[in-house]
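Here is the structure we will look at, set down as structure tokens.
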Amino acid sequence: MAVQCPSERLVPMQHLSALRVEDAERVTYPIPANVHAETVTSVRHYTDRLFSFRITRPQSFRFRSGEFVMIGLPNAEKPVFRAYSIASPAWDDEIEFFSIKVPDGPLTSHLQKIVAGDTVLMRQKSTGTLVTDALTSGKRLFMISTGTGIAPFASLIRDPETFEKFEHVVLTHTCRDHAELAYGVELVEQLTNDPLIGELVAGRVTLYSTTTREITPRMGRITRLIENGRFYSDLGIDALDPWNDRVMICGSMHMLQDVKALVEKLGFEEGSHSRPASFVVERAFVG
Ligand code: A2P
2 MAVQCPSERL VPMQHLSALR VEDAERVTYP IPANVHAETV TSVRHYTDRL
52 FSFRITRPQS FRFRSGEFVM IGLPNAEKPV FRAYSIASPA WDDEIEFFSI
102 KVPDGPLTSH LQKIVAGDTV LMRQKSTGTL VTDALTSGKR LFMISTGTGI
152 APFASLIRDP ETFEKFEHVV LTHTCRDHAE LAYGVELVEQ LTNDPLIGEL
202 VAGRVTLYST TTREITPRMG RITRLIENGR FYSDLGIDAL DPWNDRVMIC
252 GSMHMLQDVK ALVEKLGFEE GSHSRPASFV VERAFVG
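Letter by letter, the sequence shown follows residues 2 to 288 of the numbering used here.
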């Protein structure tokens with residue numbers, strides 16, 4: 002893929018000022034030192050709680066699919082930064098994020114108002130445990146997500162490297178209602194039509210979406226559906242086993258605790274960069 006990178010926007014303190022997102026008063030603030038100031042290229046609102054946006058990618062910014070980075074807005078002398086999983090794959094020439102809108106959240110209450118052309122701040126270093134290097138090799142990779150926890154998997158599932166390491170990927174996404182599942186449904190649909198990766202992933206990706214509050218044909222928390230076997234019977238697959246399968250988990254704190262306890266009971270062991278094993282977890286951003 003031809004990568005067309007925007008010009009470098011890493012600027013020293015005081016040399017550049019940016020408009021506030023809500024710029025009625027057109028107040029400007031200096032861009033903090035050692036932070037990338039990037040331009041929003043598109044915004045998409047899925048529901049009144051969820052939206053995605055894309056920003057330009059600094060030429061020097063490298064990350065591994067599945068990692069997160071700190072982002073903020075140029076709307077204060079000392080902007081609030083929060084960890085956001087990067088939803089786009091490492092080869093993409095833009096950076097995509099999938100975010101919750103928290104009405105009084107210190108960052109998301111403002112971030113949800115961004116439009117194309119606005120400035121978003123991004124720190125230089127990405128990190129995170131939801132990388133395939135933190136897992137030992139296996140046949141099937143299960144990506145278990147709730148809400149915006151699907152974001153790191155949107156990155157990994159679009160990365161050819163994931164399919165070099167695993168034969169099959171099962172992505173689960175559980176949300177309160179049907180409209181919140183759209184991001185994952187479109188992600189997997191577009192994946193199969195993608196010129197770069199479509200052929201590689203054909204027949205190797207399964208999406209399992211469920212709701213917990215709105216009544217839909219497939220309902221329930223993923224923990225319950227795994228425990229009662231409905232997950233396996235719905236997909237016609239063998240039960241999770243720690244010898245052949247690897248698991249990545251991303252969601253709220255409680256979801257992480259419950260899914261972690263569940264897979265540990267099945268014999269899975271938590272891995273890290275320094276000690277790869279059979280599952281990894283990461284908290285989805287809230288605030
Ligand atoms: P529920 O509706 O039963 O709380 P949220 O939008 O609050 O982050 O939740 C996203 C999804 O995660 C919801 O469907 C929610 O179900 C589900 N969920 C919340 N807590 C857990 C948990 N401990 N284990 C599994 N799923 C959970």
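No residue lacks a Cβ here, since even glycine has one placed at the ideal position from N, Cα and C.
Reducing DSSP to helix, strand and coil, say where Leu192 ends up. In the structure shown, Leu192 sits in a helix (DSSP, three-state: H, G or I).
Please report the residue range of the beta strand (DSSP E) in which Asp246 lies. 246 to 252
I'd like the span of the beta strand (DSSP E) that includes Gly199, first residue to last. Per DSSP, Gly199 belongs to no beta strand (DSSP E); it is in the alpha helix (DSSP H), 199 to 202.
What residue does the alpha helix (DSSP H) around Ile215 start on, and which one ends it? Going by the sequence as given, residue 215 is Glu instead of Ile. Careful: Glu215 lies outside any alpha helix (DSSP H) and carries neither H nor E.
In whole angstroms, give me the CA-to-CA distance for Arg231 and Leu201. C-alpha separation (whole angstroms): 29 Å.
Within 7 Å, strictly: CB atoms of Val41 and Phe52: no
Any heavy atom of ligand 1 closer than 6 Å to the beta-carbon of Met256? yes
Report whether the distance from the Cβ of Arg214 to the nearest heavy atom of ligand 1 is below 6 Å. Flag set: Cβ of Arg214 near ligand 1.
Would you list the one or two residues that DSSP bridges to Met123? Note: Met123 sits in a beta bridge opposite His37, Ile72.
What is the DSSP secondary structure of Phe154, reduced to helix, strand or coil? Here Phe154 sits in helix by DSSP.
Kindly confirm or deny that the segment 159 to 168 and the segment 190 to 209 touch, where touching means at least three C-beta pairs closer than 8 Å. yes
7 Å Cβ cutoff met for Leu122 and Ala38: yes
Ile216: buried (16+ other C-beta within 10 angstroms of its C-beta) or exposed? exposed
Thinking Tyr85 and Ala183 are a contact (beta carbons under 8 Å), I'd like their distance in whole angstroms, please. Their Cβ separation, rounded to whole angstroms, is 19 Å, which puts Tyr85 and Ala183 out of contact at 8 Å.
Closer than 6 Å to a non-hydrogen atom of ligand 1 - does that hold for the CB of Cys251? no
Taking Cβ to Cβ, would you say Ala88 is nearer than 7 Å to Glu97? yes
Is the distance from the Cβ of Phe69 to the Cβ of Gly129 below 7 Å? yes
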